[in-house]
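K.L.:
In the UniProt record's numbering, the protein residues as written are 1 to 210.
Shown next as structure tokens:
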């Protein structure tokens with residue numbers, strides 16, 4: 001029996017020498033400024049260790065709770081809102097990559113407009129984690145207009161495949177723009193300083209301005 005692959009089957013080999021003609025955004029030029037002080041001699045171990053007395057994070061010696069990137073809250077830290085990027089890969093919720101997901105959004109919006117939809121909250125995910133078990137009790141009451149379901153294993157396996165990337169990116173990284181020349185950099189810093197002065201003036205004139 002002769003078996004042939006379909007014409008659209010992903011290639012097993014990729015050209016790793018591709019180059020991108022796209023230039024990185026303008027703010028990438030600040031990378032040169034941020035790293036300029038280490039350009040000649042680099043960063044040594046002595047430099048790092050000499051700053052331990054001046055570091056911002058004091059660990060267990062801190063006088064207050066340290067700031068921390070979070071998406072679920074914690075009383076022992078000052079939380080900084082941070083998106084859970086791994087959320088897009090959870091098979092339980094069947095969230096596809098953005099391009100096919102946007103297509104589904106558009107098709108769904110054409111089926112029924114928002115004002116004609118039933119006022120129900122539909123949540124799907126792993127119901128066997130911590131307090132989520134209590135969510136299932138909402139199904140036994142009519143007060144919440146909510147449906148809590150567990151995703152069947154077969155669908156979960158299907159969703160895993162849908163969230164997978166079929167091949168590596170065919171686009172190379174963007175090109176780092178050159179550093180600012182001294183005159184341009186001085187003009188930018190001067191403009192920023194003037195903006196700060198204006199804001200400070202507004203704060204003095206309007207006491208309740210945040």
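Think of the CB as a built atom: it goes at the ideal place given N, C-alpha and C, for glycine as much as any other residue.
List the DSSP bridge partners of residue 23.
P.N.:
Answer is 175, bridged to residue 23.
K.L.:
Let me know the secondary structure DSSP gives residue 111 once reduced to three states.
P.N.:
Three-state result, residue 111: helix.
K.L.:
State whether the stretch 169-189 contacts the stretch 22-34, with contact taken as three or more CB pairs (one from each stretch) at a distance under 8 Å.
P.N.:
The stretch 169-189, when compared against the stretch 22-34, does touch it at the 8 Å Cβ threshold.
K.L.:
Helix, strand or coil for residue 104 per DSSP?
P.N.:
In this structure, residue 104 counts as helix in the three-state DSSP scheme.
K.L.:
In this structure, how does DSSP classify residue 37 when only helix, strand and coil are distinguished?
P.N.:
Here residue 37 sits in helix by DSSP.
K.L.:
How many Å lie between residue 54 and residue 201 at the Cα?
P.N.:
Near 32 Å, if we compare the C-alpha coordinates of residue 201 and residue 54.
K.L.:
May I ask you to report which of helix, strand or coil DSSP gives residue 181?
P.N.:
Note: residue 181 maps to coil in three-state DSSP.
K.L.:
From the DSSP secondary-structure annotation, give me the bridge partner or partners of residue 69.
P.N.:
Note: residue 69 sits in a beta bridge opposite 80.
K.L.:
How far does the alpha helix (DSSP H) with residue 48 in it reach, from first residue to last?
P.N.:
Looking at the DSSP string, the run of the alpha helix (DSSP H) that includes residue 48 is 45-50.
K.L.:
Mapping the DSSP letters down to three states, classify residue 99 as helix, strand or coil.
P.N.:
Note: residue 99 maps to helix in three-state DSSP.
K.L.:
Can you grab the Cα-Cα spacing for the pair residue 113 / residue 106, in whole Å?
P.N.:
In a straight line, the C-alpha of residue 113 is about 11 Å away from that of residue 106.
K.L.:
Using DSSP with H/G/I as helix, E/B as strand and the rest coil, what is residue 188?
P.N.:
Residue state, collapsed to three classes: helix.
K.L.:
My output table needs one value for residue 148: the three-state DSSP class, helix, strand or coil.
P.N.:
Here residue 148 sits in strand by DSSP.
K.L.:
By how many angstroms is the C-alpha of residue 44 removed from the C-alpha of residue 198?
P.N.:
So the alpha carbons of these two residues sit roughly 40 Å apart.
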